[in-house]
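Quick note on numbering: the sequence shown equals residues 1 to 203 in this note's numbering.
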Amino acid sequence: MFGCCVAGRLLQTNLQQIDETKAAFELPAAESINHICVFLLGTVPFPDGYGATVHFFWPDRGFQLLGMLSNEKPSAIFRLRGNFVSQSSSSQAAFSNPMQPATGTSGVTAVLGISIEPLPHILEQVSTLPSAVSKLPPALSDATLLAEKIVKHLFNYVSGFVSGSGSSLSPDSVVPMSLIARWYESFLSKARAGGVGFLDRQE
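If you want it as structure tokens, here you go:
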């Protein structure tokens with residue numbers, strides 16, 4: 001179901017099943033790993049409402065949550081070099097049963113753990129990652145609200161010119177493209193200067 005590829009190495013499909021919801025890859029010579037890609041093989045999708053968390057185990061430093069996979073996000077690349085952070089959580093023991101890596105200063109074998117879980121639980125865990133806030137897409141309701149504000153701003157801008165020209169505003173009023181272009185440039189200028197907060201101040 002899963003595969004992984006360390007940059008500069010052959011593809012790994014030697015996944016070891018730990019229980020019904022957990023599996024792991026052994027990563028030999030882990031001290032030389034910079035980036036790793038984890039992905040679904042495409043043969044078996046997640047059940048509806050499920051995905052997987054991806055964890056990295058470094059000897060003596062514990063498990064670190066790297067991110068997630070889902071049917072909508074079937075692959076991910078993680079940077080490991082410089083990011084080995086000890087993390088005390090229930091995942092510490094989750095993958096360690098038959099997979100306890102040998103410790104040592106050279107030839108370190110690390111473990112990449114994969115845990116299949118309900119998506120709400122996964123999203124809750126991933127939201128605690130440092131970069132999660134910037135990566136989360138805006139909610140659909142927020143996007144709809146923003147679009148409504150932008151269209152209202154355009155309407156107010158255009159109607160001010162049309163009504164100011166002496167003609168009454170109607171559904172059949174003709175609006176020159178140059179006027180739309182001026183609004184667009186003005187809108188971008190304001191957004192770049194101070195964000196879209198000015199949309200909240202329109203009547």
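The beta carbon of each residue, even a glycine, is placed where N, CA and C say it ideally should be.
Computed from a predicted model, the values in this text were never measured in an experiment.
Checklist entry - Which residue from Thr21, Gly49, Leu188 puts its Cα closest to that of Ser70? => result For the purposes of this step, residue 70 is identified with residue 70 of the sequence shown, where counting begins at 1. The shortest C-alpha separation from Ser70 is found at Gly49.
- Query: Going along the chain, which residues of its own chain have a beta-carbon closer than 6 Å to the beta-carbon of Phe187, five neighbours each way excluded?
  - Reply: By one-based count along the sequence shown, residue 187 stands at place 187. So no residue of the chain qualifies.
Check: Of all the options Asn14, Val54, Pro28, which has the alpha carbon lying nearest to the alpha carbon of Leu129?
Finding: Reading the sequence shown from its first residue, position 129 is the one you call residue 129. Looking at the Cα atoms, Val54 is the closest of the given residues.
**Asked** Starting from Val38 and walking both ways along the beta strand (DSSP E), at which residues does that stretch end?
**Response** Indexing the sequence shown from 1 puts residue 38 at position 38. Per DSSP, Val38 belongs to the beta strand (DSSP E) from 35-40.
>> Using a Cβ-Cβ distance cut-off of 9 Å, determine whether Asp172 contacts chain C.
In response: Within the model displayed, chain C is absent; a lone protein chain is all it includes.
Report task. Go through its chain and collect everything with a Cβ distance to Pro28's Cβ below 6 Å, but skip five positions before and after it. Result -> For the purposes of this step, residue 28 is taken as residue 28 along the sequence shown, with counting starting at 1. Here the set comprises Thr109.
Q: Within its chain, find whatever has a CB closer than 6 Å to the CB of Asn14; leave out the 5 residues flanking it on each side and keep chain order.
A: Here residue 14 refers to the residue found at position 14 when the sequence shown is read from its first residue. If we look at Asn14 and ignore the five residues flanking it on each side, it has no Cβ neighbours.
- Where Lys152 falls, given that 16 or more other Cβ within 10 Å makes a residue buried: One-based indexing of the sequence shown puts residue 152 at position 152. The residue is exposed, with fewer than 16 neighbouring Cβ atoms inside 10 Å.
Considering only residues of the same chain and omitting the five flanking positions on each side of Leu119, which have a CB-CB separation below 6 Å?
By 1-based counting over the sequence shown, the position of residue 119 is 119. Cβ within range, chain order: Gly49, Gly51.
Query raised in the report: When the Cα atoms are used, what is the spatial distance from Val6 to Phe56?
Result: The residue you call residue 6 lines up with position 6 of the sequence shown. The residue you call residue 56 lines up with position 56 of the sequence shown. The alpha-carbon atoms of Val6 and Phe56 are separated by roughly 13 Å.
Does the distance from the CB of Leu80 to the CB of Ile36 come in under 9 Å? Along the sequence shown, one-based indexing puts residue 80 at 80. Along the sequence shown, one-based indexing puts residue 36 at 36. In this structure, Ile36 lies closer than 9 Å to Leu80 by Cβ.
- Message: Using the Cβ count rule (16 or more neighbours within 10 Å means buried), how would you classify Ala24?
- Response: The residue given as residue 24 occupies position 24 in the sequence shown. By the 10 Å Cβ count, Ala24 comes out buried.
Tell whether a beta-carbon distance below 9 Å holds between Ile150 and Leu112. By one-based count along the sequence shown, residue 150 stands at place 150. By one-based count along the sequence shown, residue 112 stands at place 112. Going by C-beta atoms, Ile150 is not nearer than 9 Å to Leu112.
With a cut-off of 8 Å on the beta carbons, I'd call Leu40 and Phe78 a contact; round off their distance for me. In the sequence shown, counting from the first residue as 1, residue 40 sits at position 40. In the sequence shown, counting from the first residue as 1, residue 78 sits at position 78. For a cut-off of 8 Å, the C-beta gap from Leu40 to Phe78 is around 15 Å, too long to register as a contact.
| query | In the structure shown, what three-state DSSP assignment does Val174 receive? | reply | Here residue 174 refers to the residue found at position 174 when the sequence shown is read from its first residue. DSSP places Val174 in coil when its eight states are reduced to three.
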